Structures are given as structure tokens and as C-alpha cells.
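> To start, I am sharing the structure in question, which I have written as C-alpha cells.
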Amino acid sequence: MFNWLSLITGLFYIVLGIVVIIYKFFFVILEPAVAYPLGAVMILYGIFRIYRAVSRIKNSGNEE
0 MFNWLSLITG LFYIVLGIVV IIYKFFFVIL EPAVAYPLGA VMILYGIFRI YRAVSRIKNS
60 GNEE
């Protein structure tokens with residue numbers, strides 16, 4: 000269950016990162032110099048979470 004939740008969370012971070020880059024908003028209006036790196040970090044973290052969840056799902060399938 001945790002792995003699937005991690006997949007969903009990873010997708011959420013990717014979408015949130017894209018929204019931050021496009022609208023330059025994250026609870027407050029952001030300058031472009033802050034919005035782009037923040038959005039990029041969120042997207043990278045989302046990709047990392049998805050990768051980790053997929054690798055755990057594959058490993059749990061091999062153990063059964």
C-alpha cells in the first residue's frame with residue numbers, strides 16, 4: 000500500500016512543480032528566479048519518489 004501511495008505522491012510533486020513553474024505561485028507570488036528552481040526541485044523529487052516506489056514494487060514481486 001505504501002508503494003502505491005508513494006507513486007501517487009510522486010505524481011503530485013511533479014504536477015505541483017509544473018504549476019509552480021507556470022504560475023509562479025506557491026502560497027505567495029514568487030519571483031521567476033525562485034519559481035524555476037523550486038519547481039525543478041519538486042519535479043526531480045517526484046521523479047525520485049516514483050523511481051523508488053517502482054523499484055520497491057518490482058522487488059516485492061520477486062520476493063513472493
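Residue numbers for the sequence shown follow numbering that gives the first Met the number 0, beginning at 0 and rising by one.
All C-beta atoms in this analysis are idealised placements derived from N, C-alpha and C, irrespective of residue type, glycine included.
All figures in this text were calculated on a predicted structure; none of them were measured in a lab.
1. Three-state secondary structure (DSSP) at Phe47?
2. Taking all protein chains shown into account, decide if Ala34 is buried (16 or more other Cβ within 10 angstroms of its Cβ) or exposed.
3. Three Cβ pairs or more, each shorter than 8 Å: is that satisfied between the stretch 25-34 and the stretch 48-55?
4. Should Ile7 go down as buried or exposed, given a rule of 16 or more other Cβ atoms within 10 Å for buried?
5. Just the C-alpha distance for Ile20 and Asn2, rounded to the nearest angstrom, thanks.
Let me lay it out:
1. helix
2. buried
3. no
4. When all chains shown are included, Ile7 counts as exposed.
5. In this structure, the alpha-carbon of Ile20 lies about 27 Å from that of Asn2.
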